[in-house]
Every structure is written in structure tokens, then in C-alpha cells.
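Q:
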Amino acid sequence: MFINELSPIFREFTQHPVSFVGGFFSGVLRLNLAEDPVKSWLDKQIRSNSYTSTTTDAHNGKATGPQQISID
């Protein structure tokens, strides 16, 4: 009976181990994601992992709307 109650926890741990451990420790340490030390660290992680795409068409004004093409 005890194993049946813990099986969802083990299932989540095996599917997403990193996020499970992070959530577990944030719960144990009672960390709030909206407070400053954690929030600023998360903002830095998001900014460093964001991908910015630069295209050459954006600089000549042609990428501002639909473009017409012709197929022969």
C-alpha cells in the first residue's frame, strides 16, 4: 500500500529527473521564485539561453510584410 502511494512520485522522477530534483529542493528550502535572489538568477538564465535571430532581409525593408514570389 505504501508503494502504491509513492508510485506517482517515482514516475515523475524517472520522466523528468532534473526538474523533479529542482522542484524538490526548492520546496524543501522554501524558495520563492518571485523573490529577488532566485528571480534574478532565473532572469539571467533566460537571457543567456534566448536565441536572437538576425536576417539580412530585415535591414533592406523587405521583411516587413508578405512578399510576392513568382514560380515559372
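First residue of the sequence shown: 1353, per the working numbering; consecutive thereafter.
Beta carbons: idealized from backbone N, C-alpha and C, even for Gly.
Excluding the 5 residues preceding and the 5 following His1368 in the sequence, name in chain order all residues of the same chain whose CB lies nearer than 8 Å to its CB.
A: none
Q: Look at the alpha carbon of Asn1384 and the alpha carbon of Asn1356, and state the distance between them as a whole number of angstroms.
A: Their backbone Cα atoms lie some 30 Å apart in a straight line.
Q: For Phe1376, which option in Phe1362, Ile1398, Trp1393 has the closest C-alpha, if you only look at C-alpha atoms?
A: Phe1362
Q: What three-state label does DSSP hand Asp1424 in the structure shown?
A: Coil.
Q: Note the first and the last residue of the continuous alpha helix (DSSP H) segment covering Arg1363.
A: 1354-1367
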